[in-house]
Amino acid sequence: MSNTKKMSALLTLQERAFETAKILLEKYQNPNDLKLEENSDLEDSYTILITLLYTEKLDMEEQLKILSIIDEMKLLDENR
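Structure representation (structure tokens):
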């Protein structure tokens, strides 16, 4: 995979991770005082998603969204 395609895939993944984390933080009223800034990177979003996955009773669809993002991150790491 070319670097351009990797960057494009990463950007899409980063945007999806950010939006998912943002929505879930709003829904669950951020009980762990987690912060998500507009300039947050993929690792920040990942940390928030993992924390929510383990600390909140997420519905199945929310869990699947998080797991999908984690799987994509693993695939990107394996291709580096």
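Take the sequence shown: its position 40, counting from 1, is numbered 169 in the working numbering, and each next residue is one higher. For glycine and all other residues, C-beta sits at the position ideal for the given N, C-alpha and C. Remember, predicted model here, so these are calculated numbers, not experimental data.
What are the start and end residues of the alpha helix (DSSP H) that includes residue i?
| i | result |
| --- | --- |
| Y175 | L171 to T184 |
| D162 | Run containing D162: none; DSSP gives neither H nor E here. |
| E201 | M189 to E207 |
Between the beta-carbon of residue i and the beta-carbon of residue j, is there less than 8 Å?
| i | j | result |
| --- | --- | --- |
| I198 | T149 | yes |
| L182 | Y157 | no |
Leaving out five residues on either side along the sequence, give the residues of the same chain with a beta carbon under 8 Å from the beta carbon of residue i.
| i | result |
| --- | --- |
| K165 | At residue 165 the sequence reads Leu, which differs from the Lys that was named. Same-chain partners within the cutoff: F147, A150, K151, L154, D173, S174 and I177. |
| M189 | none |
| Q192 | L182 |
Which same chain residues, not among the five before or five after residue i, have their C-beta less than 6 Å away from its C-beta?
| i | result |
| --- | --- |
| D206 | none |
| E201 | L142 |
| E185 | Y157 |
Within the same chain, show all residues whose beta-carbon is closer than 7 Å to that of residue i, passing over the 5 residues directly before and after it, in chain order.
| i | result |
| --- | --- |
| K194 | T149 |
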